[in-house]
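There are 2 protein chains.
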Amino acid sequence: MPTYKAPARDARFIVNEVLKLEQYANLPGFENATADMAETVIEELGKFTAEVIAPLNASGDRQGCTRHPDGSVTTPDGFREAYRQFCESGWGTLSAPAEFGGQGLPHVLGFVLEEFLCSANQAFAMYPGLTNGAIAAIQAKASPELQALYLPRMISGEWSGTMNLTEPQCGTDLGLIRTRAVPNGDGTYAITGTKIFISAGEHDLTDNIVHLVLAKLPDAPDSTKGISLFIVPKFIPDAAGVPGERNAVSCGAIEHKMGIHANSTCVLNYDGATGWLVGEENKGLAAMFIMMNAARLGVGIQGLSQAEVAYQNAVAYAAERRQGRALTGPAEPEEKADPLFVHPDVRRMLMDAKAFTEGMRTLALWGGLQVELAEKAASESERQAADDLIGLLTPVIKGYGTDKGFEVAVNMQQIWGGHGYIVENGMEQFVRDARIAMIYEGANGVQAMDLVGRKLAANMGRAVQAFFALVDEECAAAKSEPQLAELAGRLEKANGELKAATMWFMQNAMTNPDNAGAGAHHYMHIMGIVALGQMWLRMGAVAVAARNGGASDAAFYDAKLVTARYFAERFLPDAGALRRKIEAGSSSMMELPIEAFATA
Amino acid sequence: MPTYKAPARDARFIVNEVLKLEQYANLPGFENATADMAETVIEELGKFTAEVIAPLNASGDRQGCTRHPDGSVTTPDGFREAYRQFCESGWGTLSAPAEFGGQGLPHVLGFVLEEFLCSANQAFAMYPGLTNGAIAAIQAKASPELQALYLPRMISGEWSGTMNLTEPQCGTDLGLIRTRAVPNGDGTYAITGTKIFISAGEHDLTDNIVHLVLAKLPDAPDSTKGISLFIVPKFIPDAAGVPGERNAVSCGAIEHKMGIHANSTCVLNYDGATGWLVGEENKGLAAMFIMMNAARLGVGIQGLSQAEVAYQNAVAYAAERRQGRALTGPAEPEEKADPLFVHPDVRRMLMDAKAFTEGMRTLALWGGLQVELAEKAASESERQAADDLIGLLTPVIKGYGTDKGFEVAVNMQQIWGGHGYIVENGMEQFVRDARIAMIYEGANGVQAMDLVGRKLAANMGRAVQAFFALVDEECAAAKSEPQLAELAGRLEKANGELKAATMWFMQNAMTNPDNAGAGAHHYMHIMGIVALGQMWLRMGAVAVAARNGGASDAAFYDAKLVTARYFAERFLPDAGALRRKIEAGSSSMMELPIEAFATA
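As they're listed, the protein sequences go chains A and B.
Counting with my numbering, you get residues 85 to 684 for the letters of the first sequence.
Counting with my numbering, you get residues 85 to 684 for the letters of the second sequence.
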């Protein structure tokens with residue numbers, strides 16, 4: 085049976101030592117976020133997720149969700165009780181706004197929770213995760229009346245939320261939506277259509293489920309400009325918030341999936357269900373993107389979370405399983421064989437996982453901070469800088485984070501050899517669960533196009549230029565420190581490859597936009613590597629200072645410096661190869677007709 | 085429901101135009117292998133695998149194998165009938181030796197069969213696949229009496245075979261084997277112990293199952309030098325080959341696995357079972373390696389096969405599913421959206437799959453030819469050259485072929501978006517099935533060490549030097565052809581990276597063997613890329629000649645040239661990055677103690 089222990093020490097290091105959360109104490113919501121408080125929250129989150137949520141991961145996968153003939157869905161054994169404890173402990177309210185009953189703590193701590201919860205049990209984490217996305221959209225765009233009615237109950241966890249975008253004919257291309265919304269004349273709308281792949285679409289955890297549904301008004305433009313967003317509650321609440329009449333939305337089926345079995349992925353049928361408009365008519369996409377952006381960061385964290393839990397279990401196996409001898413001679417001659425840990429190829433996969441998870445954790449938590457600084461930083465220029473950076477890096481955190489997170493989960497399964505392929509050992513579940521994160525909330529190819537087609541060009545490239553300059557500046561500053569000079573030098577070079585690739589797009593995508601599309605995936609990966617490198621430089625600087633300052637936990641900081649070096653040596657070289665692939669352009673990629681791909 | 089069509093045109097191209105099988109008509113077994121005959125065999129194999137075997141793939145995955153309380157195992161519905169047809173059609177005898185009832189055709193055609201059969205249904209293919217491995221060992225090492233008794237019935241498919249290496253405490257490290265063989269005094273041995281992960285270990289397809297079992301004699305050296313190989317039949321045959329008494333071997337359990345559900349992976353308990361020695365006492369490992377080498381090439385083909393069938397289904401979806409618009413403007417303005425096929429990132433994944441599968445098919449079939457030339461070529465120097473090359477490239481075909489095959493299967497699932505995660509669409513099964521090939525028959529890290537630790541150094545590097553020279557020679561020859569010059573130039577450069585990496589090992593692995601271990605995985609991947617590049621150069625040369633000669637199927641040859649260019653632009657750049665990773669050595673990889681990996 086796999087196990088999970090929250091990486092509390094590392095999260096504390098990032099929050100308190102790298103991001104230095106305390107320095108923002110002057111900003112609203114950060115007043116109480118002292119280092120001690122962050123430490124306490126992180127420790128308690130770690131205990132709760134490891135002790136209450138993780139034990140339900142394998143059993144939830146095995147049992148899955150059950151749809152009953154009346155359309156109701158029950159979650160796996162133990163989920164209701166665990167969810168009750170989750171709400172009672174107040175974890176769902178952690179970084180929710182205080183005016184609606186949240187604790188109003190920094191998002192960074194909310195992101196720590198997302199990672200721990202997802203590592204413990206991704207399918208479980210999705211129930212509150214989807215609710216958070218719905219909360220964000222309602223908070224940003226719904227009327228004060230709708231906010232007052234829905235937000236407190238969603239934040240407390242009494243009610244949950246969903247996102248309803250996909251239809252059978254319509255995934256990425258939301259212009260193809262067919263679900264209709266017809267005004268009832270009383271301010272409400274009658275919603276009719278079929279939505280598919282609705283995570284947490286129907287279940288037994290909450291008293292009500294608040295569906296956020298994209299639909300088209302009669303005579304709306306037949307494109308993404310004609311989409312509106314509606315709240316469609318499963319039970320229609322009265323003014324006091326008591327769920328009443330059952331709305332005309334029902335679960336037609338739950339999907340059989342490769343993984344995340346314990347989350348109910350539903351076909352939802354809307355049959356004239358009563359809905360309330362969120363924001364303005366035909367402006368639903370803007371509201372939906374608020375959910376999507378929050379959700380994309382959350383999905384990036386899922387990539388990290390599955391890599392992390394798989395890594396922990398691979399470390400345990402590598403320490404315990406004995407097979408073969410160290411190449412340099414028996415490490416433990418008194419035993420019949422050495423632990424797997426002595427083999428360089430096993431170590432390669434472990435170090436790769438360590439360099440990714442620790443770097444990615446820093447990038448994700450840094451991202452959580454930028455989300456908030458974009459709103460709350462003291463000056464307009466600071467707010468804009470944070471908003472630029474998180475806008476630029478959201479597709480990278482999602483796309484690179486989940487691509488690499490999946491790769492790491494696969495490698496950790498590999499360390500288990502044949503035993504990794506056996507269901508009962510749990511490693512294969514991490515791989516199956518990690519796989520979905522590359523697909524949902526915008527498949528990673530969509531993330532890459534968002535990055536290259538939208539984020540690079542926004543404001544005349546302001547965000548990406550700022551990113552380049554920041555990385556170069558940090559590299560220049562680090563070069564004088566002998567323990568960081570190699571990383572700084574290699575990172576500067578990788579940043580140069582990224583700049584060159586950007587320049588190549590500028591010169592070649594105007595005449596042929598396929599040249600941007602052809603290199604988008606590679607570009608997203610270079611930027612992921614560079615962003616992680618930047619985080620390793622920051623961690624490295626903290627580690628050097630801690631060692632020089634005589635910090636007590638020397639082994640922890642020494643490991644950071646070794647891992648930073650590993651990152652420099654094994655991650656950064658890919659940047660050059662990726663640039664060369666980008667510069668190959670779209671010609672050989674796009675030349676063949678579809679017939680050339682047919683099997684004969 | 086996924087579909088499968090055998091890539092007969094491409095196999096024919098490789099066998100008849102690239103490898104030119106007819107040129108070997110002077111060698112034993114090749115006499116009848118005319119181009120027409122090869123074409124007929126390939127077409128018929130294609131029909132049989134697509135029509136009879138492929139339809140059982142998804143249902144077999146869903147149903148799996150069933151172990152009954154008496155220890156017997158039934159395969160999924162339809163498997164018995166399909167296996168009967170497989171035997172009756174004589175497919176199992178294709179390249180088996182004529183003296184024992186085989187058709188004695190070239191191995192190359194046997195390899196075509198392996199690919200088609202595995203694409204159609206990997207779990208099914210493993211039943212005859214394991215039998216083939218057992219046949220190879222018996223043919224090479226068993227006494228004439230055992231050969232006469234077992235080989236004809238195994239070749240006809242009446243009896244099947246298994247390989248019994250793994251035990252709970254012993255995977256890669258066969259020195260740890262505990263299964264005991266005690267002489268009975270009548271020339272037979274009593275075998276006692278537990279074997280795990282035995283593919284096709286117990287089932288209802290054949291009248292008998294011939295287990296090849298590694299065990300230790302009393303007082304044998306306690307290392308790999310003390311291992312012997314035994315035949316242990318499920319039913320003990322009389323001299324006429326009629327299965328009689330049930331032997332003391334039983335299936336204790338079947339494993340629950342991530343994939344290949346339709347193959348019964350068994351725990352086999354030997355309780356004083358009667359066994360017959362194969363070869364000499366304590367020399368079992370040599371015999372087992374004959375099976376392993378054949379099996380490793382077969383597993384490399386599995387990587388290809390899952391990539392191929394996943395690719396076919398991704399092509400179909402990309403042509404049919406409409407979502408979004410081409411970046412260069414609507415491709416089909418009369419429709420509401422363009423097919424996925426117009427999107428560069430979709431095309432990237434399809435071209436990547438096309439470049440891999442067609443290159444890998446060529447490499448695998450080339451490998452099948454070398455196996456036979458190593459035995460049968462007219463001169464000793466030709467035999468040695470073939471033996472050197474296939475010895476060198478066997479771990480590459482297995483390790484690179486399955487790593488990249490899995491990656492391609494994952495990408496093909498990605499093209500299906502959310503629908504790729506749904507069980508009923510079948511894409512996720514290809515991923516789950518492909519995953520095992522990276523693990524069994526020596527995990528890919530073991531392949532990498534076989535390559536770097538054993539194959540490079542053998543005969544003072546004779547094989548690898550010959551490989552380098554051959555690639556350089558072919559590059560030099562191709563540079564004068566404008567349509568191949570770019571590929572030739574880039575391949576020469578990649579070959580240079582491989583040479584530099586080899587030199588680096590020579591200079592740095594003697595003082596510290598971990599430097600070889602640390603780079604082994606990367607080295608295997610460079611060599612995979614270079615070997616595929618060599619095959620693309622050969623295919624390209626054939627395509628140029630065909631076009632110049634006015635061949636009728638112009639589109640086919642043109643597609644080869646475009647794909648060769650894609651390969652040059654998108655696969656070969658990785659060689660440089662991989663070399664740089666190798667040259668980083670083992671220092672940062674091996675420096676941390678196990679405690680540094682523990683979660684705190």
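Backbone N, C-alpha and C define an ideal beta-carbon position, used for all residues, glycine too.
Within chain A, no C-beta atom comes less than 8 Å from the C-beta of Tyr-641/B; the nearest is roughly 11 Å away.
Counting every other CB atom within 10 Å of its CB across the protein chains shown gives Arg-538/B a total below 16, marking it as exposed. Restricting attention to His-287/A, Arg-546/A, Ile-275/A, the CA atom closest to the CA of Ser-465/A is found in Arg-546/A.
Under the three-state reduction of DSSP output, Glu-565/B falls in the coil class, being neither helix nor strand. For Val-351/B, the enclosing beta strand (DSSP E) begins and ends at 349-362. Around the CB of Arg-96/A, 16 or more other CB atoms lie within 10 Å, so the residue is classed as buried.
Taking a contact to require three or more Cβ pairs closer than 8 Å, the stretch 440-450 of chain A and the stretch 485-493 of chain A qualify as touching. Distances from the alpha-carbon of Ala-299/B to those of Ile-320/B, Thr-150/B, Phe-319/B, Ile-275/B put Ile-275/B closest. If you check the CB distance, Gly-343/A and Arg-516/A come in under 8 Å. Residues are counted here when their Cβ sits less than 9 Å from a Cβ of chain B; for the stretch 620-632 of chain A the count is zero. Here Met-533/B carries a helix assignment [DSSP, helix/strand/coil].
In chain order, Ala-274, Thr-276, Ala-332 place their CB closer than 6 Å to the CB of Gly-356/B, counting only its own chain and leaving out the 5 sequence neighbours on each side. For a cut-off of 8 Å, the C-beta gap from Ala-527/A to Ala-625/A is around 36 Å, too long to register as a contact. Annotation: Cβ neighbours of Ala-682/A in chain B (cutoff 8 Å, chain order): Val-399. In this structure, Ile-282/B places its C-beta atom within 8 Å of the C-beta atom of Leu-352/B.
Near chain A, meaning a CB-to-CB distance below 7 Å, the residues of the stretch 407-428 of chain B are Gln-407, Gly-408, Leu-411, Thr-412, Lys-420, Ala-421, Phe-425, His-427, Pro-428. Put simply, the backbone Cα of Pro-428/B is about 20 Å away from that of Asp-658/B.
Assignment of Ser-203/B by DSSP, reduced to helix, strand and coil, places it in the helix class. Under the DSSP definition of a beta bridge, Asn-248/A partners with Val-297/A.
Leaving aside the five residues that flank Leu-197/A on each side, the residues in its chain whose CB is nearer than 7 Å to its CB run, in chain order, Leu-129, Trp-175, Leu-178. Boundaries of the beta strand (DSSP E) around Lys-279/B: 272-283.
Secondary structure within the stretch 574-652 of chain A: the alpha helix (DSSP H) runs of 4 or more consecutive residues, fully enclosed, are 598-632 (chain order). Within the stretch 230-260 of chain A, contact with chain B at the beta-carbon level (separation under 9 Å) is assigned to Thr-250, Gln-253, Cys-254, Gly-255, Thr-256, Asp-257, Gly-259, Leu-260. Counting the other CB atoms within 10 Å of its CB gives Ala-593/B a total of 16 or more, which places it among the buried residues. By the C-beta criterion, the stretch 248-261 of chain A is judged not to be in contact with the stretch 124-143 of chain A, since fewer than 3 inter-stretch pairs fall below 8 Å.
Assignment of Asn-292/B by DSSP, reduced to helix, strand and coil, places it in the strand class.
Taking the Cβ atoms as the reference, Thr-246/A lies roughly 7 Å from Ala-218/A, within the contact range of under 8 Å. Burial check for Gln-107/A: the Cβ neighbour count within 10 Å stays below 16, so the residue is exposed. Chain-ordered listing is empty here: chain B has no CB closer than 9 Å to the CB of Gln-567/A, the nearest sitting near 12 Å. Between Gln-386/A and Cys-202/A the beta-carbon gap is near 5 Å, inside 8 Å, which marks them as a contact. Residue Gln-618/B holds the alpha-carbon nearest to the alpha-carbon of Leu-554/B among His-606/B, Met-611/B, Gln-618/B, Ile-499/B. Within chain A, no C-beta atom comes less than 9 Å from the C-beta of Pro-479/B; the nearest is roughly 13 Å away. With respect to Ile-293/A, Trp-243/A sits close: the two C-beta atoms are nearer than 8 Å. In terms of Cβ geometry, Met-623/B and Ala-585/B do not form a close pair [threshold 8 Å].
When C-beta distances to chain B are compared with 7 Å, the residues of the stretch 642-671 of chain A below that value are Ala-643, Val-646, Arg-649, Tyr-650, Glu-653, Arg-654, Pro-657, Asp-658, Gly-660, Ala-661, Arg-664, Lys-665, Ala-668, Ser-670, in chain order. Assignment of Gly-545/A by DSSP, reduced to helix, strand and coil, places it in the helix class.
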